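Structure, as structure tokens:
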Amino acid sequence: MMSFLHTVQITLLGWMHRYHDAALWIERNGPASDKLLHMNAGLILWLGTVLLRGRSWGDRRNLLPVIILETLNEVADYLFPTKWTLSGTIGDLFWTFFWPFLLVFLIGGSGGGQRRRR
């Protein structure tokens, strides 16, 4: 049993390490700033969730994948630090959540989850 858990741990850490390396490469070699990348990532994740779930644009539950995935991203930043700071993490969270939270608030997120008309 311990061997299985160790294998799972090594595999997950390997995936997180590869993800973190890819994210750093995009940040260093991409044409946009870190803030703009976080804003776009949050908006893309939220939009993808809305389209896949087929629920109201204002449904607050559409924010859950954005919150979970950005939190995992920040955990990866903490576990594999290059220049990790608390202020950097807070800024990343703010910029990732900015558009999704603003749009859900403006659309009127009731959380009721009525289906969109097709």
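Take 0 as the starting number for the sequence shown in numbering that gives the first Met the number 0 and just add one per residue.
Glycine included, each C-beta is placed from N, C-alpha and C at the ideal position.
In this text the structure is predicted, and so the values were computed from the model without any measurement.
Residue j beta carbon less than 8 Å from that of residue i
| i | j | result |
| --- | --- | --- |
| D41 | E73 | The residue you asked about is not Asp; residue 41 is Gly in the sequence shown. Not closer than 8 Å, so no. |
| P99 | W45 | yes |
| M15 | L101 | no |
| L83 | M38 | The question names Leu, but residue 83 in the sequence shown is Trp. No. Outside cutoff. |
| L36 | E26 | yes |
| P30 | T48 | no |
Residue i burial status per 10 Å Cβ neighbour count (16 or more: buried)
| i | result |
| --- | --- |
| L62 | buried |
| W24 | exposed |
| T10 | exposed |
| D119 | Because residue 119 is not part of the residues shown, which for the chain are 0 to 117, the question remains open. |
Closest by C-alpha distance to residue i, when choosing among the options
| i | options | result |
| --- | --- | --- |
| I106 | D58, L51, A22 | D58 |
| I66 | F96, G90, L4 | F96 |
| I142 | F104, K34, A22 | Lying before the first or after the last residue shown, residue 142 is absent from the chain, which here runs from 0 to 117. |
Please list the segments of the beta strand (DSSP E) lying wholly inside the region 18-106, counting only runs of 3 or more residues, in order along the chain.
With a minimum length of 3 residues, no continuous beta strand (DSSP E) run stays inside the region 18-106.
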